[in-house]
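*Asks:*
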Amino acid sequence: MDLRQVALFVAVAEELSFTRAALRMHISQPPLSRQIARLEDQLGMRLLERSRQSVALTAAGKALLPEARRLLELATRAPEVARRAERGETGTLRVGFVGSMIYTSIPTLIGRFRRTYPDVEIVLHQLTVSKQVEMLVAGDLDLGFLRHQLIHEQLSSRLLFLEPSIVVLPRDHPLAAQRTINLPDLSRDKFISFTRQDGPGFFELLLRICGEAGFSPQIVMEANPLSTVIGLVASGAGIAVVPQSMSRLRIRNVVYRRLAGARTTSELLLAWKKESVPATVTNFLALTGEDAQSATLSSHPT
């Protein structure tokens, strides 16, 4: 059906007068009558009963009227729906994140985006760095929050903030009473590390800072996620170096301590695919632009 014909039918059906409908639709009566007759021919049924004195809807006309109104409403709304999608105000945003992200200021940023764009559905996936990179390249993720330098020709990234690393010790560790630990004093300890395959950047950070402190860490176990690493420390299996934000995770029998004299910061990045950037991603990046220079962590080792 032609939308113009539908609009003319609705006008006649509501006015129950060809004369008044013609005035309402700014058309003369003969072409209006022809368009209604053509619509009835196309549908193969009479929609209106006509006489010199009156116009009445047939049963088919009565059934068609509410559907015709909805069709016109949809036709009116459709361009605005398309414009909102083009502006990134509707749709879906698929976001990957490393597990430790939930202890940083990133959830606040996601909440701000949700309030600014309430009609965008945010789908969150907790994934390792390597899996996020894989899914971003494949187009199965729109954004990824990950740690450490990202080098991939198909991806762009933005540094959100630098986060210090801290050491997690069993509560009965000989150095647990100190507020700040010198890394060389841990050279004889056994280390539990985040898995090299899932988080190569953090694994390499541990090797680097220990190397700069003059020793090679004795890594006795690798685990994922970081909460499991801290749980293993609580069991007495060893010690671990983790992002400072993990100190918000309260587990019995562990203490979090600062590391002195070491370049222990890790990067938290936002990554996306370079080609065909959706408007939803552009809008999210605009919000992070406010945080990129000012984002800080409120967690403190205790």
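According to the numbering used here, the sequence shown is numbered sequentially starting from 112. All residues carry an ideal CB built from backbone N, CA and C; glycine is no exception. Predicted model only: the values in this text are computed from it and were never measured.
(1) Could you pull out every unbroken beta strand (DSSP E) segment of at least 3 residues lying fully inside the segment 213-254, listed in chain order?
(2) Can the beta-carbon of V240 be found closer than 8 Å to that of L183?
(3) Looking only at DSSP bridge pairs, what is I138 linked to?
(4) For L318, I'd like the list of residues in its chain whose CB is within less than 8 Å of its CB, leaving aside the five on either flank, ordered along the chain.
(5) When the Cβ atoms of the segment 189-197 are set against those of the segment 373-384, are three or more pairs found closer than 8 Å?
(6) Are the CB atoms of I303 and G347 within a distance shorter than 8 Å?
(7) For the beta strand (DSSP E) containing G202, list its first residue and its last residue.
(8) With 16 as the cutoff for other CB atoms within 10 Å, does I320 come out buried or exposed?
(9) Assign T393 to one of two classes, buried (16 or more other C-beta atoms within 10 Å of its C-beta) or exposed (fewer than that).
(10) What are the uninterrupted segments assigned as beta strand (DSSP E) that are 3 or more residues long and contained completely in the segment 264-311, given in chain order?
(11) Out of G155, S162, R181, which one is the CA nearest neighbour of A171?
(12) Relative to the C-alpha of L181, which residue among I341, L247, V117 is closest?
(13) Determine the direct distance from the alpha carbon of Y228 to that of I217, and round the result to whole angstroms.
(14) For V121, which of helix, strand or coil comes out of DSSP?
(15) Tell me, please, whether the segment 194-209 touches the segment 242-261 by the rule of three or more beta-carbon pairs shorter than 8 Å.
(16) Under a Cβ-count criterion, where at least 16 other Cβ atoms within 10 Å of its own Cβ denotes burial, should L337 be classed as buried or exposed?
(17) Below 8 Å, how does it come out for the segment 287-298 and the segment 366-379: are there three or more Cβ pairs, yes or no?
(18) Quick one: Cα of E151 to Cα of S144, how far?
(19) Can you name, in chain order, every residue of its own chain whose Cβ lies under 6 Å from the Cβ of G312, other than the five neighbours on each side?
(20) In whole angstroms, what separates the C-alpha of A334 from that of V352?
(21) Check whether the segment 278-290 touches the segment 339-346, counting contact only when three or more Cβ pairs, one atom from each stretch, lie closer than 8 Å.
(22) Could you please give me the residues that DSSP links to P354 through a beta bridge?
(23) Measuring CA to CA, which of V234, R307, P354 is closest to M332?
(24) Can you give me the Cβ contacts of F129 inside the same chain, cut-off strictly under 7 Å, excluding the 5 residues immediately before and after it?
*Replies:* Judging by the given coordinates:
(1) 231-237
(2) no
(3) According to DSSP, I138 bridges with nothing at all.
(4) S327, P328
(5) no
(6) no
(7) 202-208
(8) buried
(9) exposed
(10) 266-274, 276-281, 291-293, 301-305
(11) G155
(12) Checking the sequence shown, residue 181 turns out to be Arg, not Leu. Taking only the C-alpha atoms, the option nearest R181 is V117.
(13) 17 Å
(14) helix
(15) yes
(16) buried
(17) yes
(18) 11 Å
(19) R258, H259
(20) 12 Å
(21) yes
(22) S276
(23) R307
(24) V123, Q140, L143, S144, V166
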